[in-house]
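Going letter by letter, the sequence shown gives residues 0 to 235 in numbering that gives the first Met the number 0. All residues carry an ideal CB built from backbone N, CA and C; glycine is no exception. For reference, the structure is listed below as structure tokens.
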Amino acid sequence: MKNLTQSLSQSLEQKVNLRQGLNRVRAGVMGANDGIISTAGAVIGVSGAQKPLATVLIAGVFMVLSGALSMAGGEYVSVSSQRDMQQADINRIQQQLIDQPEQVRILTEAALVRMGETPAHATTLADGLIASQAVEKIQHLVYGSSSLASLDPIQAAIFDGVAFVLGAILPLMCIAFLPAAIKVIGTMIVVLLCLAATGVVSAKFGKANLWRSMWRNLAVGVLTMIITYGVGSLFQ
């Protein structure tokens with residue numbers, strides 16, 4: 000039974016690590032996507048107002064800074080809250096193991112059966128997990144949560160902030176270095192190519208429809224740039 004429990008624990012850990020890795024990559028792609036769209040909207044909007052390049056770049060830089068800090072701060076709060084909730088679940092399971100061990104065993108067995116284990120095998124595995132006080136493994140089975148070790152708010156905040164900056168650099172560099180005659184239209188084209196790429200990557204990791212994801216991304220980008228450029232033109 001010990002070997003079976005260890006095997007289950009390893010399997011659960013691998014699944015959690017894989018899911019966390021995919022979620023982190025997907026979050027990184029979406030962070031870069033936000034950086035591309037928001038910064039493109041800012042620099043193209045200010046360009047539409049026919050402001051000097053220095054003004055456009057200053058607006059772009061502050062957009063990158065505020066956007067990255069906002070993304071990082073939001074992710075820190077989100078992951079911290081998730082970690083707190085999962086810690087509360089663990090504390091509740093620990094208390095239930097003392098007060099209502101049979102209830103925990105029933106819930107664990109049911110979760111294992113849903114994973115495809117036979118009732119007899121599920122009973123054996125549940126008994127092993129409870130005997131070894133594998134509270135985090137039980138919590139993952141019952142609530143489908145990630146491990147606490149994988150929920151690092153600071154790491155998540157840094158990752159999302161950096162992803163935003165990497166995405167935001169693209170439109171900022173285009174508006175800074177493209178020739179004046181094609182500065183706006185060239186930036187728009189590069190932004191749309193990048194959004195198409197992030198849409199494809201997002202669809203691949205999310206196992207979603209590739210074309211729908213790509214066109215949705217492009218539609219948001221086009222609308223953002225047209226609206227911001229139009230509003231900027233009102234301030235000429």
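Asked                                                                                                                                                                 : Found
Could you check which residue in V76, I36, Y228, A53 has the C-alpha nearest to that of A175?                                                                         : A53
Under 8 Å, do C70 and F163 count as touching if we go by C-beta distance?                                                                                             : The sequence as given places Met at residue 70; Cys does not occur at that position. Yes. Within cutoff.
Inspect the beta-carbon positions of V55 and V42 and report whether they are closer than 8 Å.                                                                         : yes
Measuring alpha carbon to alpha carbon, tell me which residue in L209, Q132, G198, E108 is nearest L140.                                                              : E108
Using the three-state DSSP reduction, which class does F234 fall into: helix, strand or coil?                                                                         : coil
Taking the CB atoms as reference points, tell me whether G73 and M224 lie closer together than 8 Å.                                                                   : no
Check the C-beta distance from V28 over to V200 and give it rounded, since I have them as a contact under 8 Å.                                                        : 5 Å
Let me confirm a value: R211 is counted as buried when at least 16 other C-beta atoms fall within 10 Å, else exposed. Which label applies?                            : exposed
Under three-state DSSP, which class holds S131?                                                                                                                       : coil
By alpha-carbon positions, which one of L171, L191, G44, Q99 ends up nearest to V60?                                                                                  : L171
Going straight from the alpha carbon of L3 to that of V189, what length do you get?                                                                                   : In this prediction, L3 scores a pLDDT of 47, lower than 50, which makes its location untrustworthy; the coordinate-derived value is nonetheless stated afterwards. About 53 Å.
Contact check, L150 vs Q93 under 8 Å by CB: the rounded distance?                                                                                                     : With 8 Å as the limit, L150 and Q93 do not qualify as a contact, their Cβ atoms being about 18 Å apart.
Could you tell me whether the stretch 130 to 137 touches the stretch 94 to 107, using the rule of 3 or more Cβ pairs below 8 Å?                                       : yes
Tell me where the alpha helix (DSSP H) around K182 begins and ends.                                                                                                   : 182 to 205
What three-state label does DSSP hand M213 in the structure shown?                                                                                                    : helix
Would you kindly report the start and end of the unbroken alpha helix (DSSP H) that includes L177?                                                                    : Segment: none, L177 is in no alpha helix (DSSP H) and carries neither H nor E.
Does the Cβ of M113 have 16 or more other Cβ atoms within 10 Å, making it buried, or fewer, making it exposed?                                                        : It should be pointed out that residue 113 corresponds to Arg in this sequence rather than to Met. When all chains shown are included, R113 counts as exposed.
For I36, count neighbouring C-beta atoms within 10 Å of its own C-beta (all shown protein chains included) and say buried if the count is 16 or more, exposed if not. : buried
I believe S232 touches G66 by the beta-carbon criterion, under 8 Å. Please report the beta-carbon distance rounded to the nearest angstrom.                           : Rounded, the Cβ-Cβ distance is 23 Å, inconsistent with contact.
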